[in-house]
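Data first, discussion second: the structure below is written as structure tokens.
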Amino acid sequence: MSTQVVSIDPMLCTGCRRCADVCPVDAIVGRRNEPQTIDASRCVLCGQCVLTCAAFMSPFDDGAELLPEMLRKRGLAEDDTAPLFAANFRIDRKKVAGMLADPEKTTMVQCAPAVRVSIAEEFGKAPGTLSPGKLAASLRRLGFDYVYDTIFAADVTVMEESSELLQRMETGGTLPMFTSCCPGWVRHVETAWPDLIPHLSSCKSPQQMAGALFKSYGADQVGKTAGEIASVAVMPCTAKKGEAERPEMQNDGFANVDAVLTVTELAAMLKEKDIDLDSLPEEEFDAPLGIYSGAGTIFGASGGVMEAALRTAIAVTSGKDVDESGVAFVESEEEPGVFRASVEVAGKTVRGVIVSGLAHVAPVLEAVRSGDADFEFVEVMCCEGGCVAGGGQPKLLPGVDVADAVARRRKGLHDHDRELPVRAAHRNPAVKALYENFLQKPLGERSHKLLHTHYGKEAGRHE
Amino acid sequence: MHTFVLSDPSRCIGCRACEIACVKAHLGDYTGRVTRRQMPFAPRITVVHEAEVTAPIQCRQCEDAPCVSVCPAGAISHDGEVVRVDESRCFGCKACMAACPVGAIQVGRLPGKPDRLLAYKCDLCEDRDGGPACVSVCPANALKIMDGGELQRIAGGRRRHSALQVAFGQR
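Going line by line, the protein sequences match chains A and B.
Taking the numbering used here as reference, the numbering of the first sequence is continuous, increasing by one, and the terminal residue is 465.
Taking the numbering used here as reference, the numbering of the second sequence is continuous, increasing by one, and the terminal residue is 172.
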């Protein structure tokens, strides 16, 4: 088993407990002024502690001569001058570099929606700067053979998840249904609300769907077998590293995703190779698994999964295509971070709830547990604001207005959605082709095998 | 009278956000993009972390500053507002470090600049709108700007207290 995804270095932690203030699941344990530890039975690997931590190794500290050794242990270059913080996530750069250097492997990379509105920050641009074309170019310069996109898989998720919701409503399945895109959220259900596991959609997350498709449909497309593909994901998220390692996230013995890099890790790899993102040309993602719609794009902002599903559900059931659902979710004063709305779909009222930030989810889940839930579909994203605020995003150092940076990244995603020619998942031509040529239909046999899973097995597995 | 920043150890939680904010204020856009072969991540304020207390220590901007007197390069000067180091003249002799009565000067052989020793000290974020970054970032309000008015307010309050004590004894 690999090492812990998120941890706190006792050598560096000063015990200020600011991480405990941002931890949504109270997993940071320790007394003030003493090094903290993470309670693995509660931790959802969201990495908010990593983003917040300011306790670093100063070059003037006693013990600073140990810095090169500490850097090496973390998988970083010994001459890296970036500050080393107490709360940190596992660096997987070497693993990816090994795959890129392996002549036997065909490398396929995917990048999550929220990466394209933050990667430029690592190169001096303002938060929210949209750079999908330069991102694709940079991944190609690093040596990935196929530069695909998680958003393609998010579009597939829309197809599968909205079909699953309609099926549950028609057949008396477990309702309300919870989204399962966010591994921090899934883990929280498994560890803290295990009786509600059946409410989780059986859909794998877009990351895992993309990986499963890389090693099946994608491998077929390029004349390779699953074993020859190295599947890499660039994520704004630390929990995605844990998700990729879940034992059930594989098909025919091949892990869907072999390695996950955060945005900061990707930026460091680029800098190491002297690749300057800003001076790269705008390039396209590769077809077909890199073709995406505006619907999948907004998966990176909370509310986006709901909106993307509604666009397709409304269009498919009414036969009338819409660019935007037009449904406004409203946050009430009593429930901060919880947004509600209802919408007519196929003559039925679907009541939706969006929860932005795991810290706000408990009252909603209490209602489900007690049978008082007056809603059918719940989208939860662990990090407040969505993946744009994920623990794998560029660190916003003390003094930066975090809310403003997150808002800018959200705006970047919504701007991108509006500029794309196709804004609904079911109209993505590559998704259409995938169903016509390979999957046949949502919730079909192949979908069931590749794109769906059973949650719950992994509860408490994290060492 | 020189303004300076003083910490309140009873408030400090030891998070080191002031140190990060300090580097950020001096590196500007380079902060957070600091990687190999770039700029050293060197704070000009240091959080002292002991079992019983945590507190940031930085330059008091002494009026008759010992560091100014001992610097053989004439690299440290003051202009009535702040004691500052002229980085181009400093050659890293460390005399200022030895002379500083509060330990507020750091001279380091820094990662990223292995051939350059330099004295790092608080310059009150002279060029920053909004004053010293450490003060504005502190989540515990443990740092305070001590200017003439603030010192007068503190001392004035203590004088009144003393006067009452003299007049009426301990109350």
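Even for Gly, the Cβ is constructed at its ideal location relative to N, Cα and C.
- Along the chain, where does the alpha helix (DSSP H) that runs through residue 113/A open and close? The continuous stretches of alpha helix (DSSP H) do not include residue 113/A, which lies in the beta strand (DSSP E) extending over residues 108-113.
- Message: For residue 30/A and residue 361/A, I'd like the C-alpha separation in whole angstroms.
- Response: Near 14 Å, if we compare the C-alpha coordinates of residue 361/A and residue 30/A.
- Assign residue 332/A to one of two classes, buried (16 or more other C-beta atoms within 10 Å of its C-beta) or exposed (fewer than that). For residue 332/A, the number of other beta carbons within 10 angstroms of its own is below 16, and it is reported as exposed.
- For residue 35/A, go through chain B and note every residue whose CB falls closer than 7 Å to its CB, in chain order. Within chain B, the residues 15, 55 have their CB atoms less than 7 Å from the CB of residue 35/A, given in chain order.
- Can the beta-carbon of residue 59/B be found closer than 7 Å to that of residue 46/B? Contact flag set, yes.
- Item | Backbone secondary structure at residue 467/A - three-state DSSP | In this structure chain A extends from 3 to 465, so residue 467/A is not present and cannot be described.
- Query: Along chain B, in chain order, which residues have C-beta atoms closer than 9 Å to that of residue 20/A?
  - Reply: At a beta-carbon threshold of 9 Å, the residues of chain B lying near residue 20/A are 14, 16, 18, 140, ordered along the chain.
- Within chain A, partners of residue 137/B - CB distance below 9 Å: The contacting residues are 401.
- Whole runs of the alpha helix (DSSP H) within the stretch 349-412 of chain A, excluding any shorter than 4 residues: Secondary structure within the stretch 349-412 of chain A: the alpha helix (DSSP H) runs of 4 or more consecutive residues, fully enclosed, are 364-371 (chain order).
- Identify which residue in 54/A, 117/A, 112/A has its Cα closest to the Cα of residue 418/A. Minimum Cα distance to residue 418/A is reached at 117/A.
- So, using beta-carbon positions, are residue 57/B and residue 48/B closer together than 7 Å? Residue 48/B is positioned such that its CB atom lies closer than 7 Å to that of residue 57/B.
- Neighbourhood of residue 254/A by C-beta, 6 Å cutoff - its chain only, sequence neighbours within 5 removed: Nothing meets the Cβ criterion.
- Query: Within 6 Å: the Cβ of residue 275/A and any heavy atom of the ligand NAP?
  - Reply: Of the ligands one can find in the structure shown there are none, so the ligand NAP has no counterpart to examine.
- So who's on the other strand from residue 205/A, going by DSSP bridges? Answer is 454/A, bridged to residue 205/A.
- Query: Using the rule of at least 16 other Cβ atoms within 10 Å of the residue's Cβ for burial, across every protein chain shown, is residue 287/A buried or exposed?
  - Reply: Residue 287/A comes out buried.
- Under 7 Å Cβ to Cβ from residue 1/A, same chain only, skipping five residues before and after it: list those, please. Residue coverage of chain A in this structure runs from 3 to 465, which leaves residue 1/A outside it and unanswerable.
- Item | Helix, strand or coil at residue 439/A according to DSSP, with G and I counted as helix | DSSP places residue 439/A in helix when its eight states are reduced to three.
- Consider the Cβ of residue 91/A: report whether some Cβ of chain B lies at a distance smaller than 7 Å. So, not an interface residue.
- Does the beta carbon of residue 152/A sit closer than 7 Å to a beta carbon anywhere in chain B? No, its Cβ sits nowhere closer than 7 Å to a Cβ of chain B.
- Contact between the stretch 279-293 of chain A and the stretch 131-151 of chain A (3+ Cβ pairs under 8 Å): Contact check between the stretch 279-293 of chain A and the stretch 131-151 of chain A: three or more CB pairs, one atom from each, fall below 8 Å, which counts as touching.
- Select from the stretch 46-68 of chain A all residues with a C-beta closer than 7 Å to any C-beta belonging to chain B, and list them in chain order. Residues passing the 7 Å Cβ filter: 56, 57, 58, 60, 61, 62.
- With DSSP collapsed to three states, give me the class of residue 322/A. Reduced to three states, the DSSP call for residue 322/A is coil.
- Query: Using DSSP with H/G/I as helix, E/B as strand and the rest coil, what is residue 147/B?
  - Reply: DSSP places residue 147/B in strand when its eight states are reduced to three.
- Message: Counting only C-beta atoms, is residue 50/B closer than 7 Å to chain A at any point?
- Response: At a cut-off of 7 Å between C-beta atoms, residue 50/B counts as an interface residue with respect to chain A.
- Can you give me the start and stop residues for the alpha helix (DSSP H) that residue 173/A sits inside? Its alpha helix (DSSP H) spans residues 152-173.
- What's the call for residue 260/A, buried or exposed, on a 16-neighbour Cβ count within 10 Å? By the C-beta density criterion, residue 260/A is buried, having at least 16 other C-beta atoms within 10 angstroms.
- Task: Buried or exposed for residue 91/A, please, with buried defined as at least 16 other CB atoms from any protein chain shown within 10 angstroms of its CB.
- Result: Buried is the call here.
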